[in-house]
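Asker: Sharing a structure, written as structure tokens. Questions coming.
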Amino acid sequence: QVQLVESGGGLVQPGGSLRLSCAASGSIFSIYAMGWYRQAPGKQRELVAVISSIGITNYADSVKGRFTISRDNAKNTVSLQMNSLKPEDTAVYYCNGRPPLLTWGQGTQVTVSS
Numbered sequence: 103q104v105q106l107v108e109s110g111g112g113l114v115q116p117g118g119s120l121r122l123s124c125a126a127s128g129s130i131f132s133i134y135a136m137g138w139y140r141q142a143p144g145k146q147r148e149l150v151a152v153i154s155s156i157g158i159t160n161y162a163d164s165v166k167g168r169f170t171i172s173r174d175n176a177k178n179t180v181s182l183q184m185n186s187l188k189p190e191d192t193a194v195y196y197c198n199g200r201p202p203l204l205t206w207g208q209g210t211q212v213t214v215s216s
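First residue of the sequence shown? That's 103 in the working numbering, and the numbers climb one at a time after it.
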């Protein structure tokens, strides 16, 4: 069973940057499309970025041009570079497959505030 561990969150000022990482166990990682999701307080979890097994990417309109998703199949990792962060990006961020069929990890908190 694939396990997911997210890291890299923190407190950042508006306009700042963070890089999130997700480490996945299991040799089947490379066949999955992977996504980064986020859940803000009182809101449903939403997909913000997805990358196919061969590197094709897609983004939610709210993060397009600011976030970049990437993956390293050899290291079983998927990353999310977040630039020009806004207060509305504040949420717990999770990685999972697309669709999200894997067990959810603990997530990593991103707080954008001055």
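Each residue gets a CB set at the ideal place from its N, CA and C atoms; glycine is no exception.
Could you have a look at S132 and say whether DSSP puts it in helix, strand or coil?
Answerer: On the sequence shown, residue 132 is found 30 positions in, with the first residue counted as 1. The three-state reading of DSSP puts S132 in helix, counting H, G and I together.
Asker: Among T159, M136, Q115, which one has its Cα closest to the Cα of L106?
Answerer: As a working note, residue 106 is residue 4 in the sequence shown. Distance from the Cα of L106 is smallest, within the candidate group T159, M136, Q115, for M136.
Asker: Check this for me: beta carbons of S216 and P143, under 7 Å apart or not?
Answerer: As a first step, residue 216 is located in the sequence shown; it is residue number 114 there, counting from the start. As a first step, residue 143 is located in the sequence shown; it is residue number 41 there, counting from the start. No, these two residues do not count as a Cβ contact at 7 Å.
Asker: Cβ of V214 within 7 Å of Cβ of G111?
Answerer: For the purposes of this step, residue 214 is identified with residue 112 of the sequence shown, where counting begins at 1. For the purposes of this step, residue 111 is identified with residue 9 of the sequence shown, where counting begins at 1. Against a cut-off of 7 Å, the Cβ pair of G111 and V214 comes out as no contact.
Asker: Alpha carbons only, please: which of V114, G167, W138, D163 is nearest the one belonging to V180?
Answerer: For the purposes of this step, residue 180 is identified with residue 78 of the sequence shown, where counting begins at 1. For the residues V114, G167, W138, D163, the minimum Cα distance to V180 belongs to W138.
Asker: Report the three-state DSSP secondary structure of D191 (helix, strand or coil).
Answerer: Here the question's residue 191 lines up with position 89 in the sequence shown. D191 falls in the helix class under three-state DSSP.
Asker: Tell me the residue span of the beta strand (DSSP E) that contains G112.
Answerer: If you number the sequence shown from 1, residue 112 lands on position 10. That run of the beta strand (DSSP E) goes 112–114.
Asker: What is the residue span of the beta strand (DSSP E) that Q211 lies within?
Answerer: Taking the sequence shown and counting its residues from 1, one reaches residue 211 at position 109. From DSSP, the beta strand (DSSP E) with Q211 extends over 210–214.
Asker: Name the DSSP beta bridge partners of V152, please?
Answerer: Residue mapping note: residue 152 aligns to position 50 of the sequence shown, counting from 1. Answer is G137, N160, bridged to V152.
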